[in-house]
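Undergrad: Before anything else, here's the structure in question.
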Amino acid sequence: MKKRLPFGLLGSEIQPGKGARLTLEVAKLHTNTPIQIPVIVQHARKKGPTILLLAGLHGDEINGIEIVRQMIKKGWNKPSYGTVICIPVFNIFGFLNLSREFPDGRDLNRSFPGTKNGSLASQFAYLFMKEIAPLADVIIDFHTGASQRNNYPQTRADFKDKKAKELCDVFAAPFTIDSGLLSKSIRNAVTKIGKKYILFEGGKANRIDDFIVNRGIDGTKRVMQQLGMRHFDIASPESPSVVIKSSKWIRASNSGIFNLRVKNGVFVTKGTILGIISDPYGKFERSVKAPMDCYVFNVNEMPLVNKGDALFHVGR
Ligand SMILES: [Zn+2]
42 MKKRLPFGLL GSEIQPGKGA RLTLEVAKLH TNTPIQIPVI VQHARKKGPT ILLLAGLHGD
102 EINGIEIVRQ MIKKGWNKPS YGTVICIPVF NIFGFLNLSR EFPDGRDLNR SFPGTKNGSL
162 ASQFAYLFMK EIAPLADVII DFHTGASQRN NYPQTRADFK DKKAKELCDV FAAPFTIDSG
222 LLSKSIRNAV TKIGKKYILF EGGKANRIDD FIVNRGIDGT KRVMQQLGMR HFDIASPESP
282 SVVIKSSKWI RASNSGIFNL RVKNGVFVTK GTILGIISDP YGKFERSVKA PMDCYVFNVN
342 EMPLVNKGDA LFHVGR
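Each residue of the sequence shown is one higher than the one before, starting from 42 at the first, in the working numbering.
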């Protein structure tokens, strides 16, 4: 039998059946401290695909970091076939600062594919596209809602991309949402170079939620199993994934105090009161109603809102 080759990454060679913790060296802080991003690799003895588990692209989105951490801690990142690359904290600047963005205020997810001498975020994106992305066949990228906007566990794909949709079906999150590619996003950049990509969204920033983490882990295992990388004992999802083909944001019609009246993830009929906006002095109350029969898969948990703020993401 032909001897299995080592896996080359970031100037290192990982032998079949072995793992390694490598570092992606990006830049230096203003303290001159080098910024190093740990990259954890497990290379099986037997041939198979390469999957990349990526979290913390937004530094305050902790659920994904916890998903990848548990995958590593419990040894679920050790494949029988193929290779698993884990990057638990991608935007380490944001992680240190408890912030979504880079120190220069840029959103890494609007900086792809990046340039060698661009902004810090752009350099980051460039290095990732050069050193890591080409090695992966499949990428799972873990996110949460921004700030107080709580996403019910969901994967998103452009349904015109059949392969991406198929992978979302395998992942089987409670919701699967049709969503177009945003320019300069990582999803756009890696899709363009032919990678299969799953965007997972669950929970909200700066919070760990076990329900979300477990949905993310189960989905990841299902994908690894489907790719033939290893066997897992995973229960089937409690209910089949709800596929959302058209969605809309419901925004605040007034500024005021917001009382949430509906549970995230539920189906509501047209006219159901989803929340109440009131002023703090007992003068007015306005109800926020469902504009149609729809599922609610993102709710705003911030009790103070301004007119125009996104309150709910709904769809059918
Ligand atoms: Zn994010």
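Built from N, CA and C at the ideal position, the CB exists for glycine as well. Since we're looking at a predicted model, the values are computed, not measured.
1) State the DSSP-derived secondary structure class of L301, mapped to helix, strand or coil.
2) When DSSP labels each residue in this structure, what does L208 get in the three-state scheme?
3) Going by C-alpha to C-alpha distance, which of N150, V346, P129 and F216 sits closest to S226?
4) Would you mind reading off the limits of the beta strand (DSSP E) that contains V355?
5) Could you pull the DSSP bridge partners for K237 from this structure?
6) Write down every uninterrupted run of the beta strand (DSSP E) in the region 58–123 whose length is 3 residues or greater and which is fully enclosed by it, in chain order.
7) Write down the C-beta distance between P90 and M270 rounded to the nearest angstrom, noting that I regard them as a contact closer than 8 Å.
8) Is N339 a contact residue of ligand 1, with contact defined as CB to any heavy atom under 8 Å?
9) Near M42, what residues of its chain come up, given a Cβ to Cβ distance below 7 Å and the 5 sequence neighbours on each side ignored?
10) Cβ of N150 within 8 Å of any heavy atom in ligand 1?
11) Roughly how many angstroms separate the alpha carbons of E342 and R45, rounded to a whole number?
12) Bridge partners for N192 per DSSP, in chain order?
13) Consider the Cβ of L208: report whether some Cβ of chain C lies at a distance smaller than 9 Å.
14) What distance in whole Å lies between the Cβ atoms of D178 and K236, which are believed to be in contact at a cut-off of 8 Å?
15) In angstroms with no decimal places, state the Cα-to-Cα distance between V264 and A230.
16) Just checking R141 against ligand 1 - is the residue's beta carbon closer than 8 Å to any of the ligand's heavy atoms?
17) Compute the Euclidean distance between the alpha carbons of T217 and K203, then round it to the nearest angstrom.
18) Going by C-alpha distance, which of R256, R292, I55 and Q266 is nearest E279?
19) Check K262 in the structure and name its three-state DSSP category.
20) Provide the residue(s) that pair with V284 in DSSP beta bridges, ordered along the chain.
21) To the nearest whole angstrom, what separates the beta carbons of Q267 and V211, a pair I think is in contact under 8 Å?
22) Please state the DSSP three-state secondary structure of I133.
23) Any chance the CB of L98 is under 8 Å from a heavy atom of ligand 1?
24) Which residue comes first and which comes last in the beta strand (DSSP E) that contains K225?
25) Report all residues from its chain with a CB closer than 6 Å to the CB of T124; omit the five preceding and five following residues, and keep chain order.
26) Give every residue of the same chain whose Cβ lies closer than 7 Å to the Cβ of D101, excluding the five residues on either side of it in the sequence, and list them in chain order.
27) Beta carbon of F131, beta carbon of F169: below 9 Å?
28) What does a CB cutoff of less than 6 Å around G97 pick up in its chain, not counting 5 residues either side in sequence?
29) If you count every other CB in all the chains shown that lies within 10 Å of the CB of Q195, and 16 or more means buried, which is it?
30) Thinking C-alpha only, which one of T72, F338 and V67 is nearest I173?
TA: Based on what the coordinates show:
1) strand
2) Under the three-state reduction of DSSP output, L208 falls in the helix class.
3) N150
4) A351 to G356
5) V179
6) Listed in chain order, the beta strand (DSSP E) runs fully inside the region 58–123 are 59–69, 75–84 and 87–96, counting runs of at least 3 residues.
7) 7 Å
8) Flag unset: Cβ of N339 not near ligand 1.
9) Reliability of the predicted coordinates at M42 is poor, the pLDDT of 47 falling under 50, and no value is obtained from them.
10) yes
11) Roughly 51 Å between the two C-alpha positions.
12) G244 and N339
13) Included in the structure is just one protein chain, with no chain C present.
14) 7 Å
15) Straight-line Cα distance between these residues: approximately 21 Å.
16) yes
17) 13 Å
18) R256
19) In this structure, K262 counts as helix in the three-state DSSP scheme.
20) T217
21) Right, the Cβ-Cβ distance comes to about 5 Å (below 8 Å), so this counts as a contact.
22) helix
23) yes
24) No beta strand (DSSP E) holds K225; DSSP gives it neither H nor E.
25) Correct list, in chain order: F48, H84 and T91.
26) Once the five neighbours on either side are set aside, the close Cβ partners of D101 are G135, L139, S140, R141, A246 and N247.
27) yes
28) Cβ neighbours of G97 beyond the five flanking positions: I106, V130, F131, N132 and F136.
29) buried
30) V67
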